[in-house]
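Quick notes on the structure that follows.
Protein chains: 2
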Amino acid sequence: MPGPVFDRIAIFGAGLIGSSIALAAREYRAAKKVVLFDKSEDVRARARSLNLGEVAETMEAACSGADCIILCVPVGAIGETTEAIAPYLQAGVILTDVGSVKEKALESMSAHCPEGVFLIPGHPIAGTEKSGPEAGFASLFRNAWHILTPLPQQDEPYNSAVDRLASFWEMLGAKVEIMEAARHDRVLAITSHLPHLIAYNIVSTAHDMESVGEGEVVKYSAGGFRDFTRIAASDPTMWRDVFLNNKEAVLETLGRFSEDLAALQRAIRWDDGETLFREFERARGIRKAIVEAGQDTDETNFGRNRPPKK
Amino acid sequence: MPGPVFDRIAIFGAGLIGSSIALAAREYRAAKKVVLFDKSEDVRARARSLNLGEVAETMEAACSGADCIILCVPVGAIGETTEAIAPYLQAGVILTDVGSVKEKALESMSAHCPEGVFLIPGHPIAGTEKSGPEAGFASLFRNAWHILTPLPQQDEPYNSAVDRLASFWEMLGAKVEIMEAARHDRVLAITSHLPHLIAYNIVSTAHDMESVGEGEVVKYSAGGFRDFTRIAASDPTMWRDVFLNNKEAVLETLGRFSEDLAALQRAIRWDDGETLFREFERARGIRKAIVEAGQDTDETNFGRNRPPKK
Numbered sequence: 006m007p008g009p010v011f012d013r014i015a016i017f018g019a020g021l022i023g024s025s026i027a028l029a030a031r032e033y034r035a036a037k038k039v040v041l042f043d044k045s046e047d048v049r050a051r052a053r054s055l056n057l058g059e060v061a062e063t064m065e066a067a068c069s070g071a072d073c074i075i076l077c078v079p080v081g082a083i084g085e086t087t088e089a090i091a092p093y094l095q096a097g098v099i100l101t102d103v104g105s106v107k108e109k110a111l112e113s114m115s116a117h118c119p120e121g122v123f124l125i126p127g128h129p130i131a132g133t134e135k136s137g138p139e140a141g142f143a144s145l146f147r148n149a150w151h152i153l154t155p156l157p158q159q160d161e162p163y164n165s166a167v168d169r170l171a172s173f174w175e176m177l178g179a180k181v182e183i184m185e186a187a188r189h190d191r192v193l194a195i196t197s198h199l200p201h202l203i204a205y206n207i208v209s210t211a212h213d214m215e216s217v218g219e220g221e222v223v224k225y226s227a228g229g230f231r232d233f234t235r236i237a238a239s240d241p242t243m244w245r246d247v248f249l250n251n252k253e254a255v256l257e258t259l260g261r262f263s264e265d266l267a268a269l270q271r272a273i274r275w276d277d278g279e280t281l282f283r284e285f286e287r288a289r290g291i292r293k294a295i296v297e298a299g300q301d302t303d304e305t306n307f308g309r310n311r312p313p314k315k
Numbered sequence: 006m007p008g009p010v011f012d013r014i015a016i017f018g019a020g021l022i023g024s025s026i027a028l029a030a031r032e033y034r035a036a037k038k039v040v041l042f043d044k045s046e047d048v049r050a051r052a053r054s055l056n057l058g059e060v061a062e063t064m065e066a067a068c069s070g071a072d073c074i075i076l077c078v079p080v081g082a083i084g085e086t087t088e089a090i091a092p093y094l095q096a097g098v099i100l101t102d103v104g105s106v107k108e109k110a111l112e113s114m115s116a117h118c119p120e121g122v123f124l125i126p127g128h129p130i131a132g133t134e135k136s137g138p139e140a141g142f143a144s145l146f147r148n149a150w151h152i153l154t155p156l157p158q159q160d161e162p163y164n165s166a167v168d169r170l171a172s173f174w175e176m177l178g179a180k181v182e183i184m185e186a187a188r189h190d191r192v193l194a195i196t197s198h199l200p201h202l203i204a205y206n207i208v209s210t211a212h213d214m215e216s217v218g219e220g221e222v223v224k225y226s227a228g229g230f231r232d233f234t235r236i237a238a239s240d241p242t243m244w245r246d247v248f249l250n251n252k253e254a255v256l257e258t259l260g261r262f263s264e265d266l267a268a269l270q271r272a273i274r275w276d277d278g279e280t281l282f283r284e285f286e287r288a289r290g291i292r293k294a295i296v297e298a299g300q301d302t303d304e305t306n307f308g309r310n311r312p313p314k315k
């Protein structure tokens with residue numbers, strides 16, 4: 006079993022992802038020492054009482070001696086955070102993040118990142134609908150993809166830094182992928198950003214139905230609605246930033262979604278059962294591929310009741 | 006413990022719901038005898054090999070001696086099925102269904118239902134994304150709502166028939182609610198029908214993205230997309246019939262959804278972070294209510310990784 010990849014990692018932002026990295030790095034011995042900082046004094050206190058690692062009182066103290074710095078703040082806060090810690094970044098340190106939008110994250114970090122720092126944006130495709138330091142758990146990244154979007158121009162020291170960061174995430178149980186930032190943002194627009202926008206929207210629509218009480222919506226949510234509310238429970242600040250910072254890809258994907266939805270609406274209005282059936286049948290193919298690719302357990306989602314395990 | 010409510014129930018349609026009722030009625034002793042019929046010879050053979058109950062070769066044989074007949078066919082097939090079995094319906098028998106649209110189901114059954122038969126439409130708010138006789142399991146209805154939409158004019162024998170049918174579903178573990186058919190259809194349009202339409206639609210949109218390969222969609226589906234594909238794996242025939250038969254309520258709800266989505270789209274285009282945050286924050290309230298009402302386990306849906314049970 007390989008030894009720790011880093012001597013000391015500094016995690017900025019002790020939310021779901023930051024606290025999970027802290028717990029995982031210790032449990033899987035991916036770093037000798039874990040230091041966390043959060044700009045909220047309350048969150049720092051909670052992180053301390055949760056024993057997530059050493060909690061620093063200043064950004065300078067957090068950065069001091071770190072060979073890897075991981076920004077776990079909302080995409081909209083990556084720029085200001087990088088600017089604030091820039092004075093404490095030594096040459097040779099790895100600076101990465103976990104933001105859901107990679108072009109903007111890269112841009113925000115590059116703007117303030119000193120010479121000699123290895124800037125390697127990243128994004129773990131893992132999470133839950135929970136937020137805050139209490140939500141973290143060490144196994145969050147097991148078998149999840151972790152996408153790294155390194156800079157285009159790469160010399161040998163940079164490449165070996167990318168390798169070290171990849172090894173770190175692999176020790177947390179993740180499967181690492183290298184991808185170009187713009188491509189990441191297009192792929193995630195459809196696999197993650199649009200689904201969250203749709204989920205938030207349908208919950209708002211339900212909330213505003215005068216003809217149906219909220220009590221009834223809650224009571225009969227097992228019909229499918231409930232699964233959307235789970236996604237829509239995700240952190241509003243994080244998601245606001247995702248949509249504001251991946252605007253083009255999200256608007257393009259959303260435009261296609263709305264066109265397709267209008268076609269289904271028309272099919273319903275004109276009793277076009279063939280179109281409805283054809284579209285619904287098509288959807289099963291992708292679901293089958295996801296289950297076969299091991300990207301989902303094949304458990305039902307509807308209610309507490311699951312078929313007995315064979 | 007009370008004895009069986011019915012001497013002999015006849016289940017028409019051995020799909021997920023029909024086969025689950027058969028297994029549950031036996032396991033929880035809600036009926037002395039369970040008989041199934043399916044118009045597909047193949048399904049009848051599978052139902053027999055699964056030992057779901059006695060499988061009849063004709064509708065007449067299935068109805069003979071039954072004191073409760075449960076139609077478990079798609080909403081669009083309820084009318085023709087009622088018409089086909091009408092000659093075999095004795096006075097005093099209970100005729101119910103499990104269709105997701107109650108006004109249309111009531112209308113279709115009334116059109117062919119003989120005098121003296123107790124017609125009591127019903128709908129279990131339970132299911133999985135699986136279809137067919139193999140998908141059934143006895144605990145499907147435990148703690149799930151079962152909505153009955155009895156006829157408006159009710160005499161004493163009819164009311165006691167409703168009570169017996171309610172007791173039957175309660176023995177299967179369901180919580181029975183009495184509701185007016187039109188109201189049921191409005192409530193389910195938002196809690197079930199629209200969510201399924203949206204899920205089918207986003208999967209189609211993803212399928213058609215030229216800029217993103219299906220392989221990538223599958224690979225990175227843990228970001229949220231996957232949860233939609235699970236819902237979109239539901240039976241296409243059943244859902245086509247739902248949308249064609251609850252047209253007005255679905256189109257009304259869908260219209261509101263599209264308006265709300267256009268507002269979010271505009272907020273993204275104009276960098277209106279306040280509107281996005283406000284809408285996303287609102288969504289959490291309903292999620293909280295659903296968890297507190299015990300309508301969902303509070304497990305994360307994202308990937309195989311769940312926080313360790315406290």
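For the protein sequence lines, the chains are Z and P, in the order given. One rule links them: number in the numbering used here = place in the first sequence (from 1) + 5. One rule links them: number in the numbering used here = place in the second sequence (from 1) + 5. Even for Gly, the Cβ is constructed at its ideal location relative to N, Cα and C. None of these values were measured; they are calculated from a predicted model.
is_contact[residue i, chain Z] using C-beta, thresh 8 Å
i: residue 150 (chain P); result: yes
i: residue 38 (chain P); result: no
i: residue 154 (chain P); result: no
i: residue 276 (chain P); result: yes
i: residue 219 (chain P); result: yes
i: residue 20 (chain P); result: no
i: residue 54 (chain P); result: no
i: residue 317 (chain P); result: Past the edges of chain P, shown from 6 to 315, lies residue 317 (chain P), and the structure says nothing about it.
Alpha carbon of residue i to alpha carbon of residue j, nearest angstrom
i: residue 307 (chain Z); j: residue 120 (chain P); result: For residue 307 (chain Z), the pLDDT reaches just 36, beneath the cut-off of 50, and the residue's location in the model is therefore unreliable, although a value from the coordinates is still provided. Roughly 38 Å between the two C-alpha positions.
i: residue 60 (chain P); j: residue 224 (chain Z); result: 35 Å
i: residue 199 (chain P); j: residue 208 (chain Z); result: 11 Å
i: residue 154 (chain P); j: residue 228 (chain P); result: 39 Å
i: residue 15 (chain Z); j: residue 73 (chain Z); result: 6 Å
i: residue 151 (chain P); j: residue 138 (chain Z); result: 39 Å
i: residue 136 (chain P); j: residue 57 (chain P); result: 15 Å
i: residue 29 (chain P); j: residue 169 (chain P); result: 16 Å
i: residue 204 (chain P); j: residue 237 (chain P); result: 5 Å
i: residue 181 (chain P); j: residue 132 (chain Z); result: 36 Å
i: residue 141 (chain Z); j: residue 163 (chain Z); result: 30 Å
i: residue 256 (chain Z); j: residue 27 (chain P); result: 48 Å
i: residue 274 (chain Z); j: residue 299 (chain P); result: 36 Å
i: residue 270 (chain Z); j: residue 235 (chain P); result: 21 Å
i: residue 304 (chain Z); j: residue 160 (chain P); result: Here residue 304 (chain Z) scores only 46 on pLDDT, less than 50, and its place in the model should not be relied on; the value that follows carries that caveat. Going by the C-alpha atoms only, they are around 44 Å apart.
i: residue 263 (chain Z); j: residue 42 (chain P); result: 41 Å
i: residue 105 (chain Z); j: residue 193 (chain Z); result: 8 Å
i: residue 211 (chain Z); j: residue 22 (chain Z); result: 30 Å
i: residue 266 (chain P); j: residue 251 (chain Z); result: 17 Å
Proximity test, Cβ basis, 8 Å: residue i and chain P
i: residue 110 (chain Z); result: no
i: residue 13 (chain Z); result: no
i: residue 231 (chain Z); result: yes
i: residue 306 (chain Z); result: Bear in mind that a pLDDT of 37 at residue 306 (chain Z), under 50, signals an unreliable position, so the number given afterwards is only what the model happens to contain. It does; some Cβ of chain P falls within 8 Å.
i: residue 255 (chain Z); result: yes
i: residue 190 (chain Z); result: no
i: residue 265 (chain Z); result: yes
i: residue 33 (chain Z); result: no
i: residue 46 (chain Z); result: no
i: residue 300 (chain Z); result: yes
i: residue 241 (chain Z); result: yes
i: residue 176 (chain Z); result: no
i: residue 137 (chain Z); result: no
i: residue 252 (chain Z); result: yes
i: residue 270 (chain Z); result: yes
Do three or more CB pairs link the segment 241-256 of chain P to the segment 71-82 of chain P at distances below 8 Å? At 8 Å Cβ cutoff, the stretches touch.
The segment 83-91 of chain Z touching the segment 22-33 of chain Z, judged by at least three CB pairs closer than 8 Å: As far as the Cβ criterion goes, the segment 83-91 of chain Z does not touch the segment 22-33 of chain Z, which means the pair count is below three.
Which runs of the alpha helix (DSSP H) at least 4 residues long sit entirely within the segment 97-125 of chain Z? Give them in chain order. Runs found: 107-115.
Does the contact criterion of 3 or more C-beta pairs under 8 Å hold for the segment 105-121 of chain Z versus the segment 177-194 of chain Z? The answer is yes - the segment 177-194 of chain Z touches the segment 105-121 of chain Z, with three or more Cβ pairs under 8 Å.
Which parts of the segment 200-286 of chain P are runs of the alpha helix (DSSP H), unbroken and 4 residues or longer, counting only runs that do not cross its ends? 219-224, 230-236, 241-250 and 252-274, all fully within the segment 200-286 of chain P.
Kindly confirm or deny that the segment 277-294 of chain Z and the segment 35-51 of chain P touch, where touching means at least three C-beta pairs closer than 8 Å. No: fewer than three Cβ pairs fall under 8 Å.
Any contact of the segment 62-71 of chain P with the segment 7-22 of chain P, i.e. 3+ C-beta pairs under 8 Å? Judged by Cβ distances under 8 Å, the segment 62-71 of chain P makes contact with the segment 7-22 of chain P, as three or more pairs qualify.
Residue ranges of each alpha helix (DSSP H) within the segment 37-86 of chain P, 4 or longer: The qualifying runs are 46-54 and 64-68.
Would you list, in chain order, the members of the segment 191-209 of chain P that have their beta-carbon closer than 7 Å to a beta-carbon of chain Z? Answer in chain order: 191, 192, 193, 195, 196, 197, 199, 200, 201, 202, 203, 205, 206, 207, 208 and 209.
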